[in-house]
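Numbering (numbering that gives the first Met the number 0), first residue to last: 0 to 368. The beta-carbon is built from N, C-alpha and C at its ideal position, and this holds for glycine as well. Please read the structure below before turning to the comments.
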Amino acid sequence: MMINVQDPMIDIMQKARKGDELNRDEIAYMYNEVDIKKLGYVARILTDHITGRQVSFVSNMILNYTNICNVRCNFCAFYRTGKEDDSYTMTADQVVERLKQFDSLYGIKQLLIQGGVNPDLPLEYYTDMFRKIKENVPGVGINGLSTSEISFIARKEKTSVKDVLISLRESGLETIPGAGAEIFSSDVRKVLGRPLNSGQQWLDVMETAHSLGIRTSATMMFGHVENAYHRADHLLALLKLQKKYNGFLSFTPWNFEPGNTKLEKEGLVTRRVGGEEVLRNIAISRIVLNQRLPIIQSSWLTNGVEMGQMSIYFGANDWGGTIYDEKVIPATGKMVGNLRKETIIRALKGIGMFPVERDNRYQIIKSYV
Ligand code: SF4
């Protein structure tokens with residue numbers, strides 16, 4: 000890889016190698032100007048310094064316990080108002096039965112459980128569900144509820160987010176997924192149909208969780224109406240919070256799937272971004288977050304196994320999960336398959352990487368080298 004000595008990417012690379020923080024102009028420059036191959040080259044070198052050729056994955060299951068939601072985002076094809084025939088809310092027993100069914104087949108280590116923001120469900124619904132999950136499948140780590148769900152429960156119960164989190168943790172909640180971050184900018188969130196303060200709310204709930212010692216994930220949804228500076232500000236906001244408590248376990252950049260969403264119907268987003276943009280976001284995330292947030296997850300779920308493999312070359316070091324029973328992406332009309340862990344191991348070995356299986360807390364439980 001030839002990099003010209005006049006190239007501003009040289010300075011960026013040197014700063015990243017030293018662990019210095021990049022500024023928003025440098026990040027936006029990488030989004031707007033830099034050749035994707037250069038980004039991949041730098042991102043992979045940084046990743047090699049963090050985890051070498053080791054790439055983790057988890058045997059997980061995503062369970063969407065309700066599709067009833069009172070937020071009604073313009074980018075969401077999954078939610079129902081509660082009046083439609085296909086609206087549903089699972090009971091705690093149904094959730095446990097479903098989990099047991101998959102656990103007996105696949106040995107589930109992580110349960111990502113989230114739904115819509117269903118106004119009828121009290122805190123007790125969740126505490127009861129989490130307790131039953133841990134009683135029946137004690138080996139599974141509950142990675143549960145978006146910040147929107149947690150904030151709503153606090154409002155409904157007329158209590159604080161902190162007290163809700165403490166109750167949820169006592170009932171079995173282990174970690175919180177990063178859903179709902181989208182892009183923090185209020186201008187972007189307005190178009191997405193998210194409540195205006197919801198970006199700050201996401202950061203506040205995560206900060207409260209981190210201050211209690213509850214680890215969480217972080218995400219960014221790109222490829223809709225945002226620009227390079229919105230993405231840069233998003234990454235820098237995550238970095239700022241990470242420096243306070245080191246509470247984020249991983250970061251996943253997702254590309255927006257426009258199918259069946261209001262944004263698509265209104266012509267605001269007519270197509271999904273291509274693979275080049277996916278890889279650019281993976282690489283820039285690595286260069287910006289670097290050692291501070293060492294796990295970057297590939298998004299094979301929407302982009303397929305081959306793009307998952309390419310993401311590893313561009314700086315990802317976690318494959319994500321096997322994923323069973325997810326319903327949000329299929330609602331956009333995009334078909335997603337489940338992966339057996341043997342397929343993930345084969346995919347990783349096929350590109351010269353060392354697969355390791357992890358649990359919900361990113362602790363390695365088995366090596367397949
Ligand atoms: S993205 Fe989540 S909060 Fe928004 S409408 Fe869909 S289910 Fe509700």
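Is residue i helix, strand or coil when you go by DSSP?
i, result
"ASP93", "Correcting the residue type first, residue 93 is Gln in the shown sequence and not Asp. DSSP places GLN93 in helix when its eight states are reduced to three."
"MET352", "coil"
"PRO7", "helix"
"ASP203", "helix"
"LEU267", "coil"
"ARG16", "helix"
"ILE295", "strand"
"SER147", "helix"
"ASN259", "coil"
"PHE221", "strand"
"TYR124", "helix"
"ASP24", "helix"
"PHE101", "helix"
What do you get for residue i, buried or exposed, if any count of 16 or more other CB atoms within 10 angstroms of its CB means buried?
i, result
"ASN245", "exposed"
"GLU305", "exposed"
"GLY314", "buried"
"ASP47", "exposed"
"ILE9", "exposed"
"GLY222", "buried"
"SER366", "exposed"
"GLY258", "exposed"
"GLY114", "buried"
"GLN109", "buried"
"THR126", "buried"
"GLU275", "exposed"
"GLU134", "exposed"
"GLN13", "exposed"
"ASN73", "buried"
"ASP186", "exposed"
"LEU195", "exposed"
"LEU104", "exposed"
"THR218", "buried"
Who pairs with residue i in a beta bridge, going by DSSP?
i, result
"THR174", "ASN142"
"LEU62", "ILE112"
"GLY319", "Answer is none; GLY319 lacks a bridge partner."
"THR215", "ILE175 and PHE247"
"GLN53", "PHE353"
"THR88", "THR65"
"SER366", "VAL355"
"ARG79", "ILE67"
"PRO252", "MET219"
Note to self: Does the contact criterion of 3 or more C-beta pairs under 8 angstroms hold for the segment 293-302 versus the segment 244-251?
What the structure shows: yes
Check: Taking any heavy atom of ligand 1 as the mark, which residues have a C-beta closer than 6 angstroms to it, listed down the chain?
Finding: CYS68, VAL70, ARG71, CYS72, CYS75, PHE77, TYR78, GLY115, VAL116 and SER147
Item checked: the segment 32-41 contacting the segment 84-93, beta-carbon criterion three pairs below 8 angstroms -> no
Notebook entry, point to check: Does the count of Cβ pairs from the segment 154-169 and the segment 191-210 closer than 8 angstroms reach three?
Noted result: yes
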